[in-house]
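K.L.:
There are 2 protein chains.
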Amino acid sequence: MSPYDELMAFDHDTQALSQVAGRLGWDQETMMPRGAAPQRAEEMAAMESVLHARRTDPRVGEWLAAIDGDQLDAVAAANLREIKRSFERASKVPADLAATIARVTSSAQGTWADARAADDVAAFLPVLEEVVKLKRQEGAALAAGGDIYGAMLADYEPGTTAADLEAMFGALRPGLTELRAAILERPAPKGVNGTFDEAGQLKLSATLAQAFGYNTTHGRIDKAVHPFSSGSGLDVRITTRTNPEDPFNCFYSTIHEVGHACYEQNIDADHLLTPLGAGVSMGVHESQSRIYENQLGRSRAFTGWLYGQMRDAFGDFGIESEDAFFAAVNRVSNGYIRTEADEVQYNLHVLLRFDLERALMTGNLAVGDLEAAWNDRFRADFGYDVDKPSNGVLQDVHWSVGLFGYFPTYSLGNVYAGCLHEALRGAVPDLDAQLAGGNTSAATGWLRENLQRHGGLYTPREVITKASGMEPGPEPFLAYLKEKFSGIYGL
Amino acid sequence: MSPYDELMAFDHDTQALSQVAGRLGWDQETMMPRGAAPQRAEEMAAMESVLHARRTDPRVGEWLAAIDGDQLDAVAAANLREIKRSFERASKVPADLAATIARVTSSAQGTWADARAADDVAAFLPVLEEVVKLKRQEGAALAAGGDIYGAMLADYEPGTTAADLEAMFGALRPGLTELRAAILERPAPKGVNGTFDEAGQLKLSATLAQAFGYNTTHGRIDKAVHPFSSGSGLDVRITTRTNPEDPFNCFYSTIHEVGHACYEQNIDADHLLTPLGAGVSMGVHESQSRIYENQLGRSRAFTGWLYGQMRDAFGDFGIESEDAFFAAVNRVSNGYIRTEADEVQYNLHVLLRFDLERALMTGNLAVGDLEAAWNDRFRADFGYDVDKPSNGVLQDVHWSVGLFGYFPTYSLGNVYAGCLHEALRGAVPDLDAQLAGGNTSAATGWLRENLQRHGGLYTPREVITKASGMEPGPEPFLAYLKEKFSGIYGL
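Protein chains in written order, with our numbering: chain A, 1 to 491; chain B, 1 to 491.
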């Protein structure tokens, strides 16, 4: 075997083991008995040790050194790019630190969940302190003298720097706050009225998943506290949740996760269990979940179809027309929770977290001051006070599990989705006519063909640029928001 | 660190990874989307590679050689005994043979399932021939000149030889055939009548699991095609199944798996993720599942309580008294299928398999003659002909997946359960009064204290002997059967 073939054979098992670790994470959120948590932490740590040992195996370095990069085709070169990135990244982090982070974050997640349920920040802070300390150590090892936060960002969005984000978000924020202020001066549209039984929500949720092309031969939908998508290749599972008063929470969580899952399911089969067999970055991933959820799922055309589905499922819920339903779905109102935020305000929530976590990682903010900093920033951006920690600093799981550098990819995804949506509208002129019939296949087919199928073949910016035909920037997203919400609110 | 401490630290991760592999197996049977199977096979193979490499890691041999066994306490000595056994076992089988067996049995299982569905023995035999050939090679490598079948048995029941089993089963078989014949001359008791809705069965099934002490903080119950228990330590899950006409299938499958699961859950916490943190052998495991299911769950006293529960849940189902219900639960009737057999006939099914698989492994029976040998033996023991292969030689999955030496542990478990039951009755004189109220705590507490909590600390025969106060033999089991069924059938 050539060094390249040996490397790929070795990497195949690493990819398979990585899927196993992902499956354990899914199990922990959906099926695992509560009392299993301490043992699961040991299992995750052992898996992490195995994966770390493989990613840093000296043979990987030898194979990488022995391969003549000039002789490789595009796929092989991309495989090599990803394996090299993973090898160099893993080699920088000491094995015992990696295992400690896996163990600590596995149990920290349970502590966070309990603290959120009890609205008890103090119960979470010591654990967060430990996580932050460990992640800063990891960041310092990765950055090797450079920007700690930027090094973390590279785990989720390689090729984008903290400075890139600062510039992009700097252009986004004034547009968003201005639009938000204009909207909130207008009368609020009517919302839905009534209670929506869980079985009915889950049934329509499954219909929506199918409408957007989610393949349950290679996936399944379960309930979880926090909706997520998990896995790559032939086994991509999603979760959703229900709220009896707010069926949109369930439906749009589902469509969002279906966007993530379809990206994974639609990658070319050739890439299965290779470094290219998963979505290329979190930002590109989020572009898919958001374009499914918002530009398609919350469009006037698609909500017209959904209105009929909901009337069939739940009868009268106080909304008299498709236009009124479109406005209800897209209602902009005050709220504390990022995951429940409308399209206009969502990114303000994200930008808040980006600035705070960056300050935590660079040492400019102490964990003990985090809650106050959160509450101050929230008041500044939204104009009112956080009422309780579960509506503020305790609302997201991310930091408890060590995800620093992840939040900004949500907003980056929205920016990417804006670019893709502009190109998609150009490519499929009769898109609205199709969406009005509940048919997403032209849109999802275009995304599959131009973006999803490539998996990790191109870098994040490359694939967005190729698919959308433009250098990514915030303008198309802002223009889309302004047009849509000006229509709904008569601005 | 001492060599012992280094070895135990290394083994800790091996144990944790082994739990992960077990969890994948659970997922495959309960949750996995159908189309994920090819990817799961790769994931399982990668996990197996990792585990095999750890079990045969040269450092394990070095640590074992460096440890002074005379300096160890009982727990450390037992840990060493188990690690040594695993290391020597794994080191004896060439890696390519192990890989070939894994690959061949993986596809053989599918061939078997198709052949069983089509009642086509000829479609299965060539594959079985291959499996038998490979397993004999493996057995020869393990036996190193000794008894091939005995070497296989040692995988499931270390310390018990084929000759031990032959002696034990030789004493069992005439007693069973005699009792069976006497019973079948008597009129059959009335069975239950009606259909029993799934939700009601699952609810009562959960009540039964709780009544026998199953802890769902560290476990969960799901539906699966085949009931099983999976996992050790803090995460021990079981499955059950329902049949609308036969609620006992669900209830006694559940109690059986609860017996397995409680053995795992009740092991001393000190042994968590060590070689002693799981049930010590298949035979001892089966002794727990069978004593929960039969000696306790199918007792006159407990069925009296269950009768009330079933009347509350399902109303009238054609049984007019507790005595009639006891007889219905313990009805003995002709049947082909081992897993559906009553207490009297079950072991006749197992003994048949033991003799045939031993003959296959020692080369005294050719695969081509297997069906005829099965049918002859069945006629001899049961008095009527097998009507089709799916009711005969094709009924069990075991041989297709290479499980030779496993079947006899089912009957050994019944023999052990007979000994334990005799001791338990002596230790808890008012047991029936408690069972009549649905209270199993004295019985399960006695089993926990005297057997379950030790995990792998003692060898199988040691722990049975210590707990029951006798050398294990078939007499108590036979005496129990004779007394119970003489009462029911008026012999």
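Ideal Cβ positions, reconstructed from N, Cα and C, are used throughout, including at glycine. Just so it is clear, the structure is predicted and the values come from calculations on it, not from any experiment.
Hey, is residue 491(A) close to the ligand MN, as in C-beta under 7 Å from one of its heavy atoms?
P.N.:
In the structure shown, the ligand MN is absent, as is every other ligand, since no ligand is present at all.
K.L.:
Smallest Cα separation from residue 329(B): which of 303(B), 344(B), 338(B)?
P.N.:
When each option's Cα is compared against that of residue 329(B), the closest is 303(B).
K.L.:
Shortest alpha-carbon distance to residue 228(B) belongs to which of 469(B), 489(B), 468(B), 22(B)?
P.N.:
Considering only alpha carbons, the answer is 22(B).
K.L.:
Tell me whether residue 484(A) is buried or exposed, calling it buried when 16 or more other Cβ atoms sit within 10 Å of its Cβ.
P.N.:
Burial call: buried.
K.L.:
Measure the Cβ-Cβ separation of residue 51(A) and residue 14(A) and say whether it is below 8 Å.
P.N.:
Result yes, Cβ atoms of residue 51(A) and residue 14(A) sit closer than 8 Å.
K.L.:
Please check if any C-beta of chain B sits within less than 8 Å of the C-beta of residue 257(A).
P.N.:
Answer no: the Cβ-Cβ gap between residue 257(A) and chain B never drops below 8 Å.
K.L.:
Using Cβ-Cβ distances below 8 Å, what residues of the stretch 38-58 of chain A are close to chain B?
P.N.:
Residues 38, 39, 40, 42, 43, 45, 46, 47, 49, 50.
K.L.:
Let me see if you follow: with CB-CB separation under 8 Å, is residue 108(A) close to chain B or not?
P.N.:
Closer than 8 Å: no.
K.L.:
Between residue 161(B) and the rest of its own chain, which residues show a CB-CB distance below 8 Å, the 5 nearest in sequence each way excluded?
P.N.:
Counting only Cβ-Cβ distances below 8 Å, and skipping sequence neighbours, we find 147, 150, 153.
K.L.:
For residue 92(A), which of helix, strand or coil comes out of DSSP?
P.N.:
Residue 92(A): helix per DSSP, three-state reduction.
K.L.:
Per DSSP, what kind of secondary structure is residue 203(A) in: helix, strand or coil?
P.N.:
Residue 203(A): helix per DSSP, three-state reduction.
K.L.:
With a threshold of 8 Å between beta-carbons, can residue 13(A) be considered close to chain B, or not?
P.N.:
Chain B contact via Cβ: present.
K.L.:
Select from 419(A), 466(A), 399(A), 455(A) the residue whose C-alpha is nearest the C-alpha of residue 479(A).
P.N.:
Selected option, being the one with the closest Cα: 419(A).
K.L.:
Check the Cβ-Cβ distances between residue 459(A) and every residue of chain B, and say whether any is below 8 Å.
P.N.:
It does not; no Cβ of chain B falls within 8 Å.
K.L.:
Report the rounded CA-to-CA distance for residue 74(B) versus residue 8(B), giving the unit in angstroms.
P.N.:
Looking at the two C-alpha atoms, the distance is approximately 15 Å.
K.L.:
Can you look up residue 195(B) in the DSSP assignment and give me helix, strand or coil?
P.N.:
Coil.
K.L.:
Check each residue of the stretch 211-225 of chain A: if its Cβ is closer than 8 Å to any Cβ of chain B, include it; give the result in chain order.
P.N.:
Cβ contacts with chain B come from 215, 216, 217, 218, 219, 220.
K.L.:
Can you give me the C-alpha to C-alpha distance between residue 321(B) and residue 183(B), rounded to a whole angstrom?
P.N.:
Approximately 21 Å, taken between the alpha carbons.
K.L.:
Count the other CB atoms, across all protein chains shown, that sit within 10 Å of the CB of residue 34(A); report buried if there are 16 or more and exposed otherwise.
P.N.:
Classification of residue 34(A): exposed, given that the 10 Å Cβ count is below 16.
K.L.:
Can you check whether the CB of residue 477(A) is closer than 8 Å to the CB of residue 407(A)?
P.N.:
For residue 407(A) and residue 477(A), no; Cβs fall outside 8 Å.
K.L.:
Taking the continuous beta strand (DSSP E) assigned at residue 223(A), which residues delimit it?
P.N.:
From DSSP, the beta strand (DSSP E) with residue 223(A) extends over 221-223.
K.L.:
Return the chain-ordered list of same chain residues with a C-beta closer than 6 Å to the C-beta of residue 281(B), the five sequence neighbours on each side being excluded.
P.N.:
157, 460, listed in sequence order.
K.L.:
On the criterion of 16 or more Cβ atoms from any shown chain inside 10 Å, does residue 345(A) qualify as buried, or is it exposed?
P.N.:
With 16 or more Cβ atoms within 10 Å of its Cβ, residue 345(A) is classed as buried.
K.L.:
Quick check on residue 275(B): buried or exposed, where buried means 16 or more other Cβ atoms within 10 Å of its Cβ?
P.N.:
With 16 or more Cβ atoms within 10 Å of its Cβ, residue 275(B) is classed as buried.
K.L.:
Verify the CB distance criterion: does residue 35(B) have a CB-CB separation below 8 Å to chain A?
P.N.:
Closer than 8 Å to some Cβ of chain A, the Cβ of residue 35(B) qualifies, so yes.
K.L.:
Between residue 204(B) and residue 343(A), what straight-line distance do the alpha-carbon atoms span, to the nearest angstrom?
P.N.:
Between residue 204(B) and residue 343(A), the C-alpha separation is close to 47 Å.
K.L.:
Are residue 413(A) and residue 286(A) closer than 8 Å when you measure CB to CB?
P.N.:
Yes.
K.L.:
Quick check on residue 239(A): does DSSP put it in helix, strand or coil?
P.N.:
In this structure, residue 239(A) counts as strand in the three-state DSSP scheme.
K.L.:
Is the CB of residue 279(B) under 8 Å away from at least one CB in chain A?
P.N.:
No, its Cβ sits nowhere closer than 8 Å to a Cβ of chain A.
K.L.:
If we call anything under 8 Å between Cβ atoms a contact, is residue 435(A) one with residue 124(A)?
P.N.:
No. Outside cutoff.
K.L.:
Would the stretch 90-99 of chain B and the stretch 138-145 of chain B be scored as touching if the rule is three or more Cβ pairs under 8 Å?
P.N.:
As far as the Cβ criterion goes, the stretch 90-99 of chain B touches the stretch 138-145 of chain B, which means the pair count is three or higher.
K.L.:
For residue 296(A), which residues in the same chain have their Cβ closer than 7 Å to its Cβ, ignoring the five residues on either side in sequence?
P.N.:
The answer, listed in chain order, is 302, 435, 440, 443.
K.L.:
Express the C-alpha separation of residue 171(B) and residue 232(B) in angstroms, rounding to a whole number.
P.N.:
Computed Cα separation, rounded: 34 Å.
K.L.:
Less than 6 Å between C-beta atoms, sequence neighbours within five positions excluded: which residues of the same chain meet that for residue 242(B)?
P.N.:
Cβ within range, chain order: 198, 201, 250.
K.L.:
Just to make sure I have the definition right: I need the residues of chain B whose C-beta is within less than 9 Å of the C-beta of residue 234(A). Which are they?
P.N.:
Chain B residues near residue 234(A): 33, 35, 36, 37, 38, 39, 40.
K.L.:
On a CA-only basis, which of 284(B), 348(B), 187(B), 67(B) is nearest residue 175(B)? Give me that one, please.
P.N.:
When only C-alpha atoms are compared, the closest one is 348(B).
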